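Residue numbers for the sequence shown follow the numbering used here, so the first one is 126 and each next one is one higher.
Every residue gets a Cβ at the ideal spot worked out from N, C-alpha and C, and that includes glycine.
The model shown is predicted, which means the values in this text are computed figures rather than measured ones.
Input: a single structure, listed below in structure tokens.
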Amino acid sequence: MSAITGYRLPKAFITTVVGSYPKMPEAEEAIRKRRQGLITEEEFHKLVQPAIKKVIEDHLEAGVDILSDGEQARDDMVVYFAERIGGYSGGEWVRIFDNVYFRKPVIVARLEYKGPMAVMDWEYATSIAQGRPVKAILTGPYTMADWSFDLQYGDRRELVLELARVLRHEIEEFVKRGAKFIQVDEPALPTRPLPEEAELVKEALEIMLKGIEVKKIVHVCFGRIEKLLPHLMEFPVDQLDLEFKNSGFKLLPYVKEYWDPRKEIGYGVIDVHSLRVESVEEIIEDVERLLKLDVIPPEKIYIDPDCGLKRLPRDVARAKLRNMVEAARQLRKKYGFEE
Ligand SMILES: [Zn+2]
């Protein structure tokens, strides 16, 4: 299990996380200092390391197979990247109405890639993950566009595709440094569950991922995913990571109907909005609901939470991950996938 020999992933019911983890005080402090202009970008990533270390320790202790850096450096999944892409004026407060302000980054010039944005934290996480793979996670171009204020392009499609071109550079950086799992988060898509919107995301993903030969994942969550499912099957990715637990597994009949069996599933079995820790038995039952459909084989089922765990207290997040990993272990035993 050393970094040299690498970690052998289980043959089935691989466990992973979606990305974010409760923010550690060290990360809060680093973000504050960065925002106040007291430290450089390089110093910032150095200061975030103790926070990432705690996340990796929790993931390793729980026994998760594919980890994340907990997105400790990101106070907001869109603002973080906007602050590092050329053409944005940074996170400004846009007045919505009266005295209601919303922090929305503003695009004031043509967008350009200025260099690695999230790669350093991923590299550090990888260096302490005891050989286990760490997911490289980016906010997708559709969500970036949706949550930005555009004063430059004036055309949403053009903006989404431009962001895809910019983000592709970051993906190439990740791959160059050895990332084996690339995940693109598009939580804004289910807010407009329309075929033409899914088509736009597909086009953007083709720009971002064409010729990229590692495991490619898209995460979407909440909203009307059932309407999107047939379109998600057309995305140029290996895996779709979806939320099931919070919505009471209402997506399962649609999985039965529309799932392309060549696609892997990231199967959300942990409710990230609830403090209640799902029991091992409950998680096993929830995975078996998917197995009963007889559509996706255990080798293509990745078990994970619905979404990032950032809203939970750390001890709850840790307890949920522990039970999730134990459930996967028992499932492998039950279905004959022991090493
Ligand atoms: Zn999510």
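- At the C-beta level, P430 and V189 stay beyond 8 angstroms of one another.
- In the structure shown, I408 falls within a helical segment according to DSSP collapsed to helix, strand and coil.
- For A261, same chain residues with a beta-carbon under 6 angstroms away, outside a window of 5 residues either side, are W247, F299, A304, I307 in chain order.
- Distances between the C-beta of V143 and the heavy atoms of ligand 1 include at least one below 7 angstroms.
- Between Y460 and Y427, the C-beta gap is not smaller than 8 angstroms, which leaves the two residues out of contact.
- Annotation for G303 indicates a beta carbon at 7 angstroms or more from all heavy atoms of ligand 1.
- It is roughly 6 angstroms from the alpha-carbon of P258 to the alpha-carbon of L192.
- For K327, the uninterrupted alpha helix (DSSP H) run begins and ends at 320–334, by DSSP.
- Under the three-state reduction of DSSP, E311 is assigned to coil, being neither helix nor strand.
- If you compare the alpha carbons of L400, P378, D396 with that of R414, the shortest gap goes to P378.
- Restricting attention to E451, V397, A198, the CA atom closest to the CA of A250 is found in A198.
- Looking only at V394, F169, Y205, P315, the smallest Cα-Cα distance to G373 is reached by V394.
- F169 and R157 do not touch by the CB rule: their CB atoms are close to 10 angstroms apart, not below 8 angstroms.
- For S214, the three-state secondary structure derived from DSSP is strand.
- With a cut-off of 8 angstroms on Cβ pairs, the segment 280–288 is not in contact with the segment 336–344, counting fewer than three such pairs.
- Of the residues assessed, E406 falls on the exposed side of the cut-off, its CB having fewer than 16 other CB atoms within 10 angstroms.
- Counting other Cβ atoms within 10 Å of its Cβ, T264 reaches 16 or more and is therefore classed as buried.
- With a threshold of 7 angstroms, the Cβ atom of H398 does not count as near ligand 1, since no heavy atom of the ligand is closer than that.
- Here A261 is bridged, per DSSP, to I307.
- Apart from the 5 residues on each side of it in sequence, L292 sits with its Cβ closer than 7 angstroms to the Cβ of L263, P266, M333 in its chain, given in chain order.
- Distance between K445 and K148, taken at the CA atoms: about 16 angstroms.
- Judged by DSSP secondary structure, D246 falls within the alpha helix (DSSP H) whose first and last residues are 244–252.
- Taking all protein chains in view, the Cβ of G131 is surrounded by fewer than 16 other Cβ atoms within 10 Å, so the residue is classified as exposed.
- Judged by the Cβ position, G433 qualifies as a neighbour of ligand 1 at the 7 angstroms threshold, a heavy atom of the ligand being closer than this.
- Note: V173 is not bridge-paired with any residue in the DSSP secondary-structure output.
- Counting every other CB atom within 10 Å of its CB across the protein chains shown gives A176 a total of 16 or more, marking it as buried.
- Here the alpha carbon of G211 sits roughly 6 angstroms from the alpha carbon of Y238.
- About 6 angstroms separates the Cβ atoms of L365 and K388, confirming a contact at the 8 angstroms cut-off.
- Counting along the chain, no alpha helix (DSSP H) covers Y392; the unbroken beta strand (DSSP E) around it starts and ends at 389–395.
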